[in-house]
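Residue numbers (the numbering used here): 913 to 1188. Everything below concerns the one structure shown next.
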């Protein structure tokens, strides 16, 4: 739908690409449009060995108000990170030499930084592997650059909690949204951005069962997406907050529904033993 008084002719990027042309490979469909970034001063590092993809992505992020750095491979990305720590990294999975998974691990070893993974692979295992090493989101090529900007904005918004957000606590877990810190029994937890947001949501809504679709909408802010993203993050979060992640007592699976946070830490009902 065209906004009022907007020309009907398609917009183009500074590089001459149609505004909604999927980036990466032919095919795919455009989605959405960015309304401008509230994180305009944030620094984003774009890591992709395809100059065309990197140019288009950087162009869109620049137009959205971000400060953009670029790197064509893993060592260059780590060097740029050392010189100017980014607020977020857009990282291609398939890089020459040092792949995106290893780059993500090394970036995270240096400290928390949100990562949006780009991948040309359609296999679910590859996407899940990216999430397992700590990527906060992923976009599969070919993708709409506008969608990518929206994903970047969504991830960054969640790193800026509301000033009035109050600390949360239950079952030995404490979470400070303003400081973005969480602990279990006074031992600080190393949580990714999405793990932190997921735990905060569970603490705010104890004893209520949520479908994966609801969690994706409420925690990720998406009305669409691969629900395995939620499954992977729940599994990772269990590994950090449960005494026995194989038999979770706090974040329980509710058969046929989704997940429930039980601050009492009771043994789940037999139907709650669904994998995931």
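Note that beta-carbon positions come from the ideal geometry of N, C-alpha and C, so glycine has one too. Just so we're clear, the structure is a prediction, and the values are computed from it rather than from any experiment.
Item: Residues of its chain near residue 1178, where Cβ-Cβ distance is below 7 Å and the 5 sequence neighbours each way are ignored; Value: 1161
Item: Whole-angstrom distance between residue 1171 and residue 1164, CA atom to CA atom; Value: 6 Å
Item: Reduced DSSP secondary structure (H/G/I, E/B, other) of residue 1081; Value: strand
Item: Option nearest residue 997 by Cα separation, candidates 1079, 955 and 1027; Value: 955
Item: Endpoints, the alpha helix (DSSP H) within which residue 993 is located; Value: 986-995
Item: Burial state of residue 1158 (16 or more Cβ within 10 Å); Value: exposed
Item: Presumed contact (8 Å Cβ cut-off) between residue 959 and residue 1045, rounded CB distance; Value: With 8 Å as the limit, residue 959 and residue 1045 do not qualify as a contact, their Cβ atoms being about 14 Å apart.
Item: Cα-Cα separation, residue 1092 to residue 1169; Value: 29 Å
Item: Exposure label - residue 992; buried when at least 16 CB within 10 Å; Value: buried
Item: CB contact flag (residue 1082, residue 1115, <7 Å); Value: yes
Item: Residue(s) in a DSSP beta bridge with residue 1088; Value: 1093
Item: Contacts around residue 1117, its chain only, beta-carbon distance under 8 Å, and the 5 residues preceding and following it disregarded; Value: 1173
Item: Through-space distance from residue 1051 to residue 877, alpha-carbon basis; Value: Coverage of the chain is limited to positions 913 through 1188, which leaves residue 877 absent and any answer about it impossible.
Item: Inter-residue spacing [alpha-carbon to alpha-carbon] between residue 971 and residue 1155; Value: 46 Å
Item: Status (buried if at least 16 other CB within 10 Å, exposed otherwise) for residue 953; Value: exposed
Item: Beta-ladder partner(s) of residue 1049, from DSSP; Value: 1028
Item: Own chain residues within Cβ distance below 6 Å of residue 978, not counting five before or after; Value: 954 and 956
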